[in-house]
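Let me begin by presenting the structure, written as structure tokens, before commenting on it.
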Amino acid sequence: MRAFSGIDERPKIKAVSFHTNAKNRNLSILLITWVLFSLTRPLFYQFESDYVNRLGASPEIIGLMGSSVVLVSMLIQIPGGYLADKRGVERT
Numbered sequence: 171m172r173a174f175s176g177i178d179e180r181p182k183i184k185a186v187s188f189h190t191n192a193k194n195r196n197l198s199i200l201l202i203t204w205v206l207f208s209l210t211r212p213l214f215y216q217f218e219s220d221y222v223n224r225l226g227a228s229p230e231i232i233g234l235m236g237s238s239v240v241l242v243s244m245l246i247q248i249p250g251g252y253l254a255d256k257r258g259v260e261r262t
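Residue numbers for the sequence shown follow this note's numbering, beginning at 171 and rising by one.
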């Protein structure tokens with residue numbers, strides 16, 4: 171907006187690249203790998219129960235297998251987050 175004095179009062183916004191520093195680069199790599207793993211993980215789980223069933227596992231064992239994956243993932247996130255906070259950002 172222009173004020174009555176004729177001076178442009180809009181704040182200047184710099185065009186910022188997504189890869190401006192190491193922190194953003196690390197974040198983008200993390201985001202890309204998370205998306206790729208999230209897209210491929212359901213493909214494995216879709217066929218895992220049928221495969222294990224054909225090997226002779228009972229439905230209870232198949233359920234325990236699926237539950238253990240979620241439980242281990244949940245438990246790993248706690249120390250993983252602590253270690254990531256303790257280590258901090260790595261400069262490259």
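Glycine is no exception: its CB is placed at the ideal position from the N, C-alpha and C atoms. The structure displayed is predicted, hence computed values, not measured ones.
Whole-Å CB distance - residue i paired with residue j, under 8 Å assumed
i	j	result
Ile231	Ser219	With a Cβ gap of about 10 Å, Ile231 and Ser219 do not count as contacting.
What are the start and end residues of each continuous alpha helix (DSSP H) run of 4 or more residues lying completely inside the region 187–233, in chain order?
192–224
For the pair the region 226–239 and the region 247–254, tell me if three or more CB-CB distances fall below 8 Å.
no
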